[in-house]
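Engineer: For the sequence shown, full-length UniProt numbering assigns the number 1 to the initial residue and increments by one for each residue that follows. Backbone N, C-alpha and C fix where the C-beta goes; we use that ideal spot for every residue, glycine too.
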Amino acid sequence: MIVYVEGFTIEVKRRKDVLQIKKEIAMKTKELFAQKGYSATSMEEICAINNRSKGSIYYHFKSKEELFMFLIRINNEEWIDSWQEIEQQYETAIDKLYGLADYYVDDLANPLNHTINEFLSGQVVSKEMMDEMLALIRLPYRTYESIIMQGIEQGELKPGDPKELMYIINGLFNGLSTLYFEMEIDELRQLYHKGLRTILQGIQQMKQ
1 MIVYVEGFTI
11 EVKRRKDVLQ
21 IKKEIAMKTK
31 ELFAQKGYSA
41 TSMEEICAIN
51 NRSKGSIYYH
61 FKSKEELFMF
71 LIRINNEEWI
81 DSWQEIEQQY
91 ETAIDKLYGL
101 ADYYVDDLAN
111 PLNHTINEFL
121 SGQVVSKEMM
131 DEMLALIRLP
141 YRTYESIIMQ
151 GIEQGELKPG
161 DPKELMYIIN
171 GLFNGLSTLY
181 FEMEIDELRQ
191 LYHKGLRTIL
201 QGIQQMKQ
């Protein structure tokens, strides 16, 4: 029994070590993808920036695509974790939605976002990989939906389908992001607030 417990502990630690190595490889490669884009980044450059052989990289990732997908997952999980910390400063769902708009605008400067767009538009990928990519992109949807559900439950927003409202607000945020290179950041932030305010005029519960 004691040997079994010790063996189990060692196996868990080994798995944690492997995951940590994968994260280290992904984070070191993140800057490379951000600077050069997905297509222009070669496996040779990935090996060089990580100071690892191809065999070592391929041991942890079967392909450049798999490494990039892993990096997107980490990026989105960090996005959610950071927002959850910021969210604590807001009490109402309405304030959280405006705070989320600001957070979204601030994140537009993340160069990895542009690399993701390049990957989606310029790569011939399998249906399985595309489905996985879309699932990763949709991870933040739960964040939007939970805020909307809070607003409905607390009487700030009119009763409605939280998922539909989430799609509408997410569509607004994504659509306005195309103006990132055309507007000053403060001007763009004001436009996000104006767009959100327009939507809220239709779904916000009027106080009696």
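Apart from the five residues just before and just after Pro159, which ones in its own chain have a Cβ nearer than 8 angstroms to its Cβ?
Structural biologist: Locating residue 159 in the sequence shown gives position 159, where the first residue counts as 1. So the list reads Ile152, once near-sequence residues are dropped.
Engineer: Let me know if Thr115 comes out buried or exposed under the rule of 16 or more other beta-carbons within 10 Å of its beta-carbon.
Structural biologist: Along the sequence shown, one-based indexing puts residue 115 at 115. So Thr115 counts as buried.
Engineer: Cutting at 7 angstroms between CB atoms, please list the residues of its own chain near Leu157, excluding the five before and the five after it.
Structural biologist: Within the sequence shown, numbered from 1, the residue matching residue 157 stands at position 157. Correct list, in chain order: Ala93, Ile148, Gly151, Ile203, Gln204 and Gln205.
Engineer: Please classify Asn51 as buried or exposed, where buried requires at least 16 neighbouring CB atoms within 10 angstroms.
Structural biologist: Along the sequence shown, read from residue 1 onward, the residue named residue 51 stands at position 51. Looking at its Cβ environment, which holds fewer than 16 other Cβ atoms inside 10 Å, Asn51 is exposed.
Engineer: Compute the distance between the beta-carbons of Tyr38 and Glu132, then report whether it is under 8 angstroms.
Structural biologist: Taking the sequence shown and counting its residues from 1, one reaches residue 38 at position 38. Taking the sequence shown and counting its residues from 1, one reaches residue 132 at position 132. Result no, Cβ atoms of Tyr38 and Glu132 do not sit closer than 8 angstroms.
Engineer: Leaving out five residues before and five after Leu67 in sequence, what residues of the same chain have Cβ atoms less than 6 angstroms from its Cβ?
Structural biologist: To locate residue 67, count along the sequence shown from 1; it is residue 67. Cβ within range, chain order: Phe61.
Engineer: Within 8 angstroms, do at least three Cβ pairs link the region 39 to 59 to the region 90 to 105?
Structural biologist: Output reads no: the region 39 to 59 does not touch the region 90 to 105.
Engineer: Report yes if the CB atom of Tyr180 is closer than 8 angstroms to the CB atom of Leu188, and no otherwise.
Structural biologist: To locate residue 180, count along the sequence shown from 1; it is residue 180. To locate residue 188, count along the sequence shown from 1; it is residue 188. Yes, these two residues count as a Cβ contact at 8 angstroms.
Engineer: For Glu77, collect the residues of the same chain with a Cβ closer than 8 angstroms to its Cβ; drop the 5 residues on either side in sequence, then sort them by chain order.
Structural biologist: As a working note, residue 77 is residue 77 in the sequence shown. Leu139, listed in sequence order.
Engineer: Answer with yes or no whether the minimum CB distance from Ala26 to chain C is below 8 angstroms.
Structural biologist: Note that chain C does not occur in the displayed structure, where there is just one protein chain.
Engineer: Short of 7 angstroms in beta carbon distance, which residues of its chain neighbour Ser177, apart from the five on each side in sequence? Order them along the chain.
Structural biologist: Here residue 177 corresponds to residue number 177 of the sequence shown, with the count starting at 1. Closer than 7 angstroms at the Cβ level, and outside the excluded window around Ser177, lie Leu108.
Engineer: Taking the straight line between their C-alpha atoms, what separation do you get for Thr143 and Asp81?
Structural biologist: In the sequence shown, the residue the question calls residue 143 occupies position 143. In the sequence shown, the residue the question calls residue 81 occupies position 81. When rounded, the distance between both Cα atoms is 10 angstroms.
Engineer: Does the Cβ of Asn174 have 16 or more other Cβ atoms within 10 Å, making it buried, or fewer, making it exposed?
Structural biologist: For this step, residue 174 is matched to residue 174 along the sequence shown. It is exposed - the Cβ of Asn174 has fewer than 16 other Cβ atoms within 10 Å.
Engineer: Closest to His193 by CA distance: which of Met130, Gly99 and Glu128 is it?
Structural biologist: Numbered from its first residue, the sequence shown carries residue 193 at position 193. Closest by alpha carbon: Gly99.
Engineer: Please list, in chain order, all residues of the same chain as Leu19 whose beta carbon is under 6 angstroms from its beta carbon, the five residues on each side excluded.
Structural biologist: The sequence position of residue 19 within the sequence shown is 19, counting from 1. Cβ neighbours of Leu19 beyond the five flanking positions: none.
Engineer: Below 8 angstroms on the Cβ atoms is my contact criterion, and I expect Lys30 with Leu71 to pass it. Report the Cβ-Cβ distance as a whole number of Å.
Structural biologist: For the purposes of this step, residue 30 is identified with residue 30 of the sequence shown, where counting begins at 1. For the purposes of this step, residue 71 is identified with residue 71 of the sequence shown, where counting begins at 1. Lys30 to Leu71, Cβ: 6 angstroms. Contact.
Engineer: Report the rounded CA-to-CA distance for Ala34 versus Ser56, giving the unit in angstroms.
Structural biologist: For the purposes of this step, residue 34 is identified with residue 34 of the sequence shown, where counting begins at 1. For the purposes of this step, residue 56 is identified with residue 56 of the sequence shown, where counting begins at 1. Between Ala34 and Ser56, the C-alpha separation is close to 22 angstroms.
Engineer: Does DSSP put Gln204 in a helix, a strand or coil?
Structural biologist: The sequence position of residue 204 within the sequence shown is 204, counting from 1. In this structure, Gln204 counts as strand in the three-state DSSP scheme.
Engineer: With DSSP as the reference, label Leu157 as helix, strand or coil.
Structural biologist: By 1-based counting over the sequence shown, the position of residue 157 is 157. Leu157 falls in the strand class under three-state DSSP.
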